[in-house]
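Participant: Let me give you the structure first, and then I'll get to my questions.
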Amino acid sequence: MDETSQNGPTLHILCGKIASGKSTLAATLAQTPGSVVLSEDSWLALLFKESMHSVEDYVHYSAVLKRAIKPHVIALLQAGVNVILDFPANTVASRQWMMSIIQDAGAQHLLHYLVISDEACKARLRQRNAAGEHDFAATDAQFELITRYFVPPADEEGFKVRRYEEEHR
54 MDETSQNGPT LHILCGKIAS GKSTLAATLA QTPGSVVLSE DSWLALLFKE
104 SMHSVEDYVH YSAVLKRAIK PHVIALLQAG VNVILDFPAN TVASRQWMMS
154 IIQDAGAQHL LHYLVISDEA CKARLRQRNA AGEHDFAATD AQFELITRYF
204 VPPADEEGFK VRRYEEEHR
């Protein structure tokens, strides 16, 4: 998988705009034995889909899910399982939550940062929506709204970062 997994269980964190390829990368990372993917979209769809009608609803139910799942993620890491956390690490606050998991679990980590243009993401989003294979179908307007809150990871946040540039995707 990568050099961090050789030193103990690793929390893999995914940062990238909607339709940048986070879930695809998560599935690739999960092919390593001893790894499990926890997908925010899958859990939210299973638990709250009928109640989610707006970005505000997403923010609310995402916070509920994060509170519920954090102890489980810590337990998996402490049991020696690599966790691919397919939750967007797209704001400082979301990454602080993820860093608290890393610290509480005493785990290794790697933040995978997908650097993809808005145009490429929107084209992928339209394809994904047309295919109907994703738990949620975001509109271009929702993409624009959510993207306004995107903050790239900064060195001072303390993460080990692996960048994936658009031309390599």
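Mapping of the sequence shown onto my numbering: residues 54 to 222, in sequence order. From the three backbone atoms N, C-alpha and C, an ideal C-beta is built for every residue, glycine too. Keep in mind that this is a model prediction, so the values were computed, not measured.
1. Please look up how many angstroms separate the CB atoms of S154 and V126, rounded, as I've assumed it's under 8 Å.
2. Mind pulling the beta strand (DSSP E) runs of 3 or more residues that sit fully within the region 110-179?
3. Excluding five sequence neighbours on each side, which residues of the same chain lie with their C-beta closer than 7 Å to the C-beta of P86?
4. Among the candidates L100, V204 and A142, whose CA atom is the shortest distance from the CA of S76?
5. Let me know if H162 comes out buried or exposed under the rule of 16 or more other beta-carbons within 10 Å of its beta-carbon.
6. Contact between the region 91-102 and the region 193-211 is defined here as three or more beta-carbon pairs at a separation below 8 Å; is this criterion met?
7. Taking the continuous beta strand (DSSP E) assigned at S88, which residues delimit it?
8. CB L164 to CB K213, shorter than 8 Å?
Facilitator: Checking against the coordinates, here is how it stands:
1. Here residue 154 is Ile; the residue named in the question, Ser, does not match the sequence. The pair is a contact, with the Cβ atoms about 5 Å apart (cut-off 8 Å).
2. 135-141 and 161-168
3. The beta carbon of P86 sits closer than 7 Å to no other beta carbon from its chain once the five residues preceding and following it are set aside.
4. A142
5. Buried is the call here.
6. no
7. S88 to S92
8. yes
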